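Working notes, structure below.
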Amino acid sequence: TVGCVVVDSQGRCAAATSTGGLMNKMSGRIGDSPLIGAGTYACEVCGVSCTGEGEAIIRGTLAREVAAVMEYKGYELQQAVDFVIKDRLDEGFAGLIAVSNKGEVAYGFNCNGMFRGCATENGFMEVGIWE
Amino acid sequence: MSGWAIAVHGGAGVDPNLPPHRQQEAKQLLTECLNLGISALRSNASALDVVELVVRKLETDPLFNSGRGSALTAKGTVEMEASIMDGTKRRCGAVSGVSTVKNPISLARLVMEKSPHSYLAYTGAEEFAREQGVETEDNEYFITPDNVGMLKLAKEANTILFDYRIPTEKCAGTESPVKMNGLPLSIYAPE
Numbered sequence: 001t002v003g004c005v006v007v008d009s010q011g012r013c014a015a016a017t018s019t020g021g022l023m024n025k026m027s028g029r030i031g032d033s034p035l036i037g038a039g040t041y042a043c044e045v046c047g048v049s050c051t052g053e054g055e056a057i058i059r060g061t062l063a064r065e066v067a068a069v070m071e072y073k074g075y076e077l078q079q080a081v082d083f084v085i086k087d088r089l090d091e092g093f094a095g096l097i098a099v100s101n102k103g104e105v106a107y108g109f110n111c112n113g114m115f116r117g118c119a120t121e122n123g124f125m126e127v128g129i130w131e
Numbered sequence: 132m133s134g135w136a137i138a139v140h141g142g143a144g145v146d147p148n149l150p151p152h153r154q155q156e157a158k159q160l161l162t163e164c165l166n167l168g169i170s171a172l173r174s175n176a177s178a179l180d181v182v183e184l185v186v187r188k189l190e191t192d193p194l195f196n197s198g199r200g201s202a203l204t205a206k207g208t209v210e211m212e213a214s215i216m217d218g219t220k221r222r223c224g225a226v227s228g229v230s231t232v233k234n235p236i237s238l239a240r241l242v243m244e245k246s247p248h249s250y251l252a253y254t255g256a257e258e259f260a261r262e263q264g265v266e267t268e269d270n271e272y273f274i275t276p277d278n279v280g281m282l283k284l285a286k287e288a289n290t291i292l293f294d295y296r297i298p299t300e301k302c303a304g305t306e307s308p309v310k311m312n313g314l315p316l317s318i319y320a321p322e
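In order, the protein sequences belong to chains V and C.
Counting in my numbering, the first sequence runs from 1 upward without gaps.
Counting in my numbering, the second sequence runs from 132 upward without gaps.
Below, the structure written as structure tokens:
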């Protein structure tokens, strides 16, 4: 699975996710990536793209949940990401990337690694795999 | 006015024994994608345009599981999925089960912008792709030799599982102390 989330200089958020699914999957299997709210979500507050165990991501409506706790609990972006990874994944393994309309970037995962990279306008840039 | 920001991913759940050169390849591609997105953002491209641009690049490179290099079904075919969402108006588009569309993310955007629907799948998605004139490829374009080998190993190990990439340097049966869904993590990654 691959994904990208962006907030532009006007504060507009967007998210995109694309995948081939699982090796040896049953024909017809649909995962989280195309499901808005599960693997992908964007609103006025943030943009989120998920990866990992699709079935767990669907159960947790992971991407929308990040936006929901920001909207309803007033969490900051990283706080929302940490909460969702810790409390909304039951026994599943997954990761996600997110941006906020304030120009913040965050990521989180509960498995041993996630291929990811992020950058912000103030010069921050990071590419990593492991924790 | 806020500052721009961008993040990309190429999958979660990585074999801890992933060879260094494959880690380096992954990091290099992620860096290229970030730079592509940064350049577009500096040129005042919209967030929606940038996420599509970056994911198209990731779909075109066989390194990660999307587009060319997608995981294979049990039948050895490709069934790809993608979605895109514009936060400003909460518009969204998604496709599933596409097997010939070179860049499923762009088809998802067309579903959002050119159809009255949010989600098209299988034959309907393929028909819509033809109507819209998107670039297509034979199913074989998406199937890499690495993935054919991984499917064979997955079948031998009787694993239909959460993720697919078995490092070519290792055997599917190799014991790993790290497990996911009761199975060695080495049969997954990188997802």
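Where a beta carbon is used, it is the ideal one built from N, C-alpha and C, also for glycine.
On a predicted model such as this, the values are computed, not experimentally measured, just so you know.
**Request:** Report all residues from its chain with a CB closer than 6 angstroms to the CB of V105 (chain V); omit the five preceding and five following residues, and keep chain order.
**Result:** On the first sequence, residue 105 (chain V) is found 105 positions in, with the first residue counted as 1. Excluding the 5 residues flanking it on each side, V105 (chain V) has same chain C-beta neighbours closer than 6 angstroms at V99, C118, T120, in chain order.
**Asked** Any idea if E91 (chain V) is buried or exposed, counting beta-carbon neighbours within 10 angstroms, 16 or more meaning buried?
**Response** Counting from 1 along the first sequence, the entry for residue 91 (chain V) is found at position 91. With fewer than 16 neighbouring CB atoms inside 10 Å of its own CB, E91 (chain V) falls in the exposed class.
**Asked** So, does the CB of H140 (chain C) fall closer than 9 angstroms to a CB anywhere in chain V?
**Response** By one-based count along the second sequence, residue 140 (chain C) stands at place 9. Under the Cβ criterion of 9 angstroms, H140 (chain C) is counted among the residues facing chain V.
**Message:** If you reduce the DSSP assignment to three classes, tell me which class I30 (chain V) lands in.
**Reply:** Looking up residue 30 (chain V) in the first sequence gives position 30. In the three-state reduction of the DSSP assignment, I30 (chain V) falls in the coil class, being assigned neither a helical nor a strand state.
**Asked** Nearest CA to the CA of E257 (chain C): which residue from C:S170, C:K233, C:G141, C:T204?
**Response** For the purposes of this step, residue 257 (chain C) is identified with residue 126 of the second sequence, where counting begins at 1. Selected option, being the one with the closest Cα: C:K233.
**Item:** N- and C-terminal bounds of the alpha helix (DSSP H) containing L165 (chain C)
**Value:** Against the second sequence, residue 165 (chain C) aligns to sequence position 34. Start and end: 151-173.
**Message:** To the nearest angstrom, how far is the alpha carbon of V84 (chain V) from that of Y41 (chain V)?
**Reply:** Your numbering for residue 84 (chain V) matches position 84 in the first sequence. Your numbering for residue 41 (chain V) matches position 41 in the first sequence. Rounded to the nearest whole angstrom, the CA to CA distance from V84 (chain V) to Y41 (chain V) is 14 angstroms.
**Message:** Against chain V, does P298 (chain C) count as a neighbour if the rule is that its beta carbon must be under 9 angstroms from one of theirs?
**Reply:** Stepping through the second sequence from its first residue, residue 298 (chain C) is reached at position 167. Because the pLDDT at P298 (chain C) is just 43, under 50, the model does not fix this residue reliably, and the point stays unresolved.
**Start-to-end residues for the beta strand (DSSP E) that takes in V75 (chain V)** = Counted from its first residue, the first sequence places residue 75 (chain V) at position 75. Checking the sequence shown, residue 75 (chain V) turns out to be Tyr, not Val. Premise fails: Y75 (chain V) is in no beta strand (DSSP E) and is neither H nor E.
**Request:** Check each candidate in V:L96, V:N101, V:Y72 and name the one with the smallest Cα separation from F109 (chain V).
**Result:** In the first sequence, residue 109 (chain V) corresponds to position 109, counting from 1. With distances taken between Cα atoms, F109 (chain V) lies closest to V:L96.
**Message:** I need the DSSP call for I3 (chain V), collapsed to helix, strand or coil.
**Reply:** As a working note, residue 3 (chain V) is residue 3 in the first sequence. The displayed chain sequence assigns Gly, not Ile, to residue 3 (chain V). In the structure shown, the three-state DSSP call for G3 (chain V) is strand.
**Message:** Please report whether the beta-carbon of G264 (chain C) lies at a distance below 9 angstroms from any beta-carbon of chain V.
**Reply:** Your numbering for residue 264 (chain C) matches position 133 in the second sequence. With 9 angstroms as the cut-off, G264 (chain C) does not count as an interface residue toward chain V.
**Request:** Return helix, strand or coil for S307 (chain C), following the three-state DSSP convention.
**Result:** Indexing the second sequence from 1 puts residue 307 (chain C) at position 176. Confidence in S307 (chain C) is poor, its pLDDT being 48 and thus under 50, which makes the residue's placement too unreliable to answer from.
**Request:** Counting only the same chain and skipping the five closest in sequence on each side, list residues whose C-beta sits under 6 angstroms from that of L241 (chain C).
**Result:** The sequence position of residue 241 (chain C) within the second sequence is 110, counting from 1. Around L241 (chain C): Q263.
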